[in-house]
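In our numbering, the protein residues as written are 819 to 1024. Yeah, the Cβ is synthetic: ideal placement off N, Cα and C, and Gly gets one too. Keep in mind that this is a model prediction, so the values were computed, not measured.
Quick look at the structure:
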């Protein structure tokens, strides 16, 4: 099924960006922790992490109900509700709870003004440059951020619809198709969850 691969590739692209964001923020946090003069830097970095992760949290939240459908009985009982909930709530939640480019830009601007402390710390300096790149290209550009989320919504919606059509013809085959999709994205989905947990750890230390 073409929608399986498209959806998997969509999740994989989010995983890659999130993984790099985790790495650079970890490096910056390690360099700033324990330095009293950098209290404001740590605060802004923590706020930046909290803002950026919102979209990734929404993606994990959207996929989790499908991952939990691990038997034919659960598929028969839950799939229709999971599909209806996604169709009804995902885009509204993105509007209400998604990452704000304006907030990301504000935090990055503040961090940029305080970047002098990185001059003698090559790892921190390099990580900040990568963070700037990520924000400039993927995280703090409204049109890019919105398009990425539109693509994710459309791919998952298409997957839901394709499986729903198959379910009307053959429930067993529809469940098997769903599970093959989940198996395909399992590694990337788990990697995203680990990255979000890592961000939680970084935030707690700042």
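Option in the options with minimal Cα separation from residue i
i: residue 870; options: 884, 919, 892 and 909; result: 919
i: residue 952; options: 832, 825, 824 and 826; result: 832
i: residue 941; options: 837, 849 and 834; result: 849
i: residue 888; options: 863, 999, 962 and 931; result: 999
i: residue 916; options: 930, 963 and 865; result: 963
i: residue 914; options: 852, 873, 966 and 939; result: 873
i: residue 959; options: 924, 987 and 992; result: 924
i: residue 971; options: 835, 865, 879 and 845; result: 879
i: residue 1003; options: 885, 906, 845 and 955; result: 885
i: residue 1019; options: 853, 892, 864 and 834; result: 864
Cβ-Cβ separation, residue j to residue i (assumed contact under 8 Å), whole Å
i: residue 830; j: residue 1006; result: 5 Å
i: residue 895; j: residue 989; result: With 8 Å as the limit, residue 895 and residue 989 do not qualify as a contact, their Cβ atoms being about 11 Å apart.
i: residue 876; j: residue 911; result: 6 Å
i: residue 969; j: residue 828; result: 6 Å
Cβ-Cβ distance between residue i and residue j below 9 Å
i: residue 982; j: residue 897; result: yes
i: residue 859; j: residue 935; result: yes
i: residue 1024; j: residue 861; result: yes
i: residue 975; j: residue 904; result: yes
i: residue 868; j: residue 1022; result: no
i: residue 1017; j: residue 839; result: yes
i: residue 901; j: residue 979; result: yes
i: residue 933; j: residue 946; result: yes
i: residue 967; j: residue 949; result: no
i: residue 929; j: residue 836; result: no
i: residue 844; j: residue 993; result: no
Any chain C beta carbon closer than 9 Å to residue i
i: residue 983; result: The structure shown contains no chain C, having only a single protein chain.
Quiz item: In chain order, which alpha helix (DSSP H) runs of at least 4 residues are fully inside the segment 881-943?
Solution: 890-915 and 919-931
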